[in-house]
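Visitor: Counting from 1, position 23 in the sequence shown corresponds to residue 23 in this note's numbering; the numbering is continuous, with no gaps.
For glycine and all other residues, C-beta sits at the position ideal for the given N, C-alpha and C.
Here it is, the structure in full.
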Amino acid sequence: MARRPNVRAATIGGSSDAPPLPPSIRLTSPHGFIEAVHNKGVFHWEAGEVVTNPVTIALLIERGANWEPVECLEVPASPQDH
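What follows is the structure, encoded as structure tokens:
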């Protein structure tokens, strides 16, 4: 049975033994899984994909994805913001 990541402990400092999450990561190999309990679906990330969502980062790290930290990226303005 899959567990949800303990994002609160990792990001807010609720657990003294959990290192803080990096602000963004790049996957060094493809990673995916089938979630049959909570969100029910097939989830997949390609190698080289940059992830900045803290919840997704915690999930990928917890599930054993291969990753490397990346510098904070400057997010370009969306055309919808105009």
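Give me, in chain order, the residues of the same chain whose beta-carbon lies closer than 8 Å to that of Pro30; leave out the 5 immediate sequence neighbours on both sides.
Guide: Indexing the sequence shown from 1 puts residue 30 at position 30. If we look at Pro30 and ignore the five residues flanking it on each side, its Cβ neighbours are His44, Trp45, Glu46, Ala47.
Visitor: Tell me the rounded alpha-carbon separation between Val42 and Ala65.
Guide: For this step, residue 42 is matched to residue 42 along the sequence shown. For this step, residue 65 is matched to residue 65 along the sequence shown. Using only the alpha carbons, I get a separation of about 15 Å.
Visitor: Report the three-state DSSP secondary structure of Leu59 (helix, strand or coil).
Guide: Numbered from its first residue, the sequence shown carries residue 59 at position 59. Helix at Leu59.
Visitor: If you draw a straight line from the alpha carbon of Phe33 to that of Lys40, how long is it in whole angstroms?
Guide: Locating residue 33 in the sequence shown gives position 33, where the first residue counts as 1. Locating residue 40 in the sequence shown gives position 40, where the first residue counts as 1. Approximately 10 Å, taken between the alpha carbons.
Visitor: Can you say whether Val37 is buried or exposed, counting buried as having 16 or more other CB atoms within 10 angstroms of its CB?
Guide: Reading the sequence shown from its first residue, position 37 is the one you call residue 37. Exposed: under 16 other Cβ atoms inside 10 Å.
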